[in-house]
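So in my numbering, spot 106 of the sequence shown is number 155, and the numbers just go up one at a time. Glycine included, C-beta positions come from ideal geometry on N, C-alpha and C. Bear in mind the structure is a predicted one, so any value in this text is a computation, not a measurement.
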Amino acid sequence: MSYVDEVLELVKKKNAAEPEFIQAVTEVLNTIRPVVDANEALYRKEALLERIVEPDRQIKFRVPWVDDKGQVQVNTGYRIQFNNAIGPYKGGLRLHPSVYTGIIKFLGFEQIFKNSLTGLPIGGGKGGSDFDPKGKSDREVMAFCQSFITELYKYIGADEDVPAGDIGTGAREIGYMYGQYKRITGLYEGVLTGKGLTYGGSLARTEATGYGLLYITNALLKDHNDTMQGKTVVVSGAGNVAIYAIQKAQQLGAKVVTCSDSTGWIYDPEGIDVALLKDVKEVKRARLTEYAANRPSAQYHEGRGVWTIKCDIALPCATQNELLIDDAKTLVANGCKVVCEGANMPTTLDATEYLQKSGVLFIPGKASNAGGVATSALEMSQNSERLSWTFEEVDSKLQGIMENIYKNISAAAKKYGMEGNYVAGANIAGFEKVATAMLAQGVC
Ligand code: NDP
């Protein structure tokens, strides 16, 4: 049995109750086979793969808080510090009822390679809780965030582990968490990113993941002698990533006709009105029915369905495993030519393979959504320097980083005879740097 297959067997055995983690490891290890095969004796002796699939540590804790009725509620908090071979742990905090160890572990594992691809010195980690901010008052969200940080502060620090936002964790949550960290430790340091602009946040961080997704999509199209101009785009999600992806796609001359949330989706043949979407989601924190009620051209549908709309480009920006094999078949049948992932692992393994076999240009999330964490690392740099860069400065660095990621994943795929396979290219380019750093640092 090959070394990769042996380690995959081990991961399946040790993590049988964590399908998302197994899925993420399977995708990465399967695509780095050429690199592993070329270095098999050394990697085996050093147990490199066994080490890379095992988190440095997993922290799991109780988060008690009091709701508006005076009732004590208890959630579970997580932080998985996966790998710090190339820099301090870095990765978001997800607040969603679906959160359990397997979700945080898959996200933390992906984060190792994503962070490596940015070219910046950041290791991989992820955290969160099964707390659902939806429908909670601001005071309840604050009570949860303060309790969460009261335990987590022991394990994080500006040079140790720097959490950020993710699903359910936006500027409001980061603000409450930062306040509590400062209160407990007395430190005013860059321990969290995604902070508000008045207290150490970076301009362009809010826009970064969505904008970065479009910068890399644009670089991909350019490399194939095409542009965004006049393209029809379907987007899923209506959160941070989706909103700014839609905005940048429109700035680049495309028409975005869909968005979605966990209850329904919008088809707007006139093109999504971003100002209205922002008001509904960022200000009112309302459902998409509110968008439809204020936009005559929009149709609202319950459930899921954005992938049924004819398009040139599809950008999944909501959550994991939201683009399934049947969706991939529909997209291909409708002439879709490009899929770039804004969310983490939104496309299932079989759907990814189908898209690739059908000639669709496909960029995986760990490359195409890396603009968020890259800009978080730029926020860390500004915090260390005690300086703030302009929007244009950060945005132009972000654009450069995304174009560079495209070049690197493209070159890595080509080097191993898999030209155009950006999944393999991203995993290989991300892995090589981390592997070299781990080997240089000895057994740890
Ligand atoms: P938000 O919480 O801002 O938005 C998430 C969106 O996806 C919402 O519209 C939400 O709908 C929808 N959604 C969430 N879960 C589900 C579900 N189970 N089924 C259907 N719809 C769902 O999160 P972000 O935009 O920040 O994150 C989106 C994705 O991008 C995630 O995979 C995240 O890990 C990834 N990502 C985010 C980065 C960032 O900088 N924010 C960086 C890199 C990756 P509803 O409101 O109804 O729940």
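- Less than 9 angstroms separates the beta-carbon of residue 362 from that of residue 387.
- By the C-beta density criterion, residue 440 is exposed, having fewer than 16 other C-beta atoms within 10 angstroms.
- Distances from the CA of residue 167 to each of 209, 432, 475, 119 were compared; the closest alpha carbon is that of 475.
- Rounded to whole angstroms, residue 55 and residue 63 show a C-alpha spacing of 12 angstroms.
- Membership of residue 492 in any alpha helix (DSSP H) is not indicated, and neither H nor E is assigned to it by DSSP.
- Look at residue 158 here: in three-state DSSP terms it is helix.
- Those residues that have a beta carbon less than 5 angstroms away from any non-hydrogen atom of ligand 1 are, in order along the chain, 215, 216, 258, 286, 287, 288, 289, 290, 310, 311, 367, 368, 392, 393, 418, 421.
- DSSP, read as helix, strand or coil, puts residue 181 in coil.
- In this chain, residue 132 is not harboured by any alpha helix (DSSP H); it is covered by the beta strand (DSSP E) spanning 121 to 132.
- In this structure, residue 403 sits near residue 377, with a CB-CB distance shorter than 9 angstroms.
- Apart from sequence neighbours up to five positions away, the residues of its chain that approach residue 346 with a beta-carbon distance below 8 angstroms are 317, 318, 319, ordered along the chain.
- Residue range 89 to 94 is occupied by the alpha helix (DSSP H) that includes residue 94.
- Between the stretch 140 to 154 and the stretch 83 to 102, the count of C-beta pairs closer than 8 angstroms stays below three; the two stretches do not touch.
- Annotation: the continuous beta strand (DSSP E) that includes residue 213 extends over 210 to 213.
- It is roughly 10 angstroms from the alpha-carbon of residue 126 to the alpha-carbon of residue 194.
- In this chain, residue 348 is not harboured by any alpha helix (DSSP H); it is covered by the beta strand (DSSP E) spanning 348 to 351.
- The stretch 281 to 288 and the stretch 297 to 315 touch, with no fewer than 3 CB-CB distances between them shorter than 8 angstroms.
- A distance below 7 angstroms between beta-carbons, with the five flanking residues on each side excluded, links residue 229 to the following residues of its chain, in chain order: 194, 195, 198, 199.
- Shown here, residue 283 sits in a strand according to DSSP, grouped into three states.
- For residue 295, same chain residues with a beta-carbon under 6 angstroms away, outside a window of 5 residues either side, are 284, 305, 321, 323 in chain order.
- Only residues of its own chain outside the window of five on either side were considered, and among them 72, 75, 76 have a CB closer than 8 angstroms to the CB of residue 398, listed in chain order.
- The bridge partners DSSP lists for residue 140 are 212.
- Comparing C-alpha distances from residue 134 to each of 113, 142, 169 shows the shortest one belongs to 169.
- Here residue 309 is bridged, per DSSP, to 314.
- Residue environment analysis places residue 434 among the exposed positions, since fewer than 16 neighbouring C-beta atoms fall within 10 angstroms of its C-beta.
- By the 16-neighbour rule on beta-carbons within 10 angstroms, residue 50 is exposed.
- Residue nearest to residue 226 within the set 371, 353, 190 is 190 (criterion: CA-CA distance).
- Linking residue 449 to residue 243 through their CA atoms gives a straight-line distance of about 20 angstroms.
- Looking at the DSSP output, residue 447 shares a beta bridge with no other residue.
- Nearest Cα to residue 105 within the set 61, 131, 138, 356: 131.
- Taking 9 angstroms as the cut-off, the Cβ atoms of residue 175 and residue 157 count as close.
- With the rule of 3 Cβ pairs closer than 8 angstroms, the stretch 229 to 240 does not count as touching the stretch 261 to 280.
- Counting along the chain, no alpha helix (DSSP H) covers residue 108; the unbroken beta strand (DSSP E) around it starts and ends at 106 to 115.
- Residues 462 of the same chain have their beta carbon placed closer than 7 angstroms to that of residue 468, with the five preceding and five following residues left out of the count.
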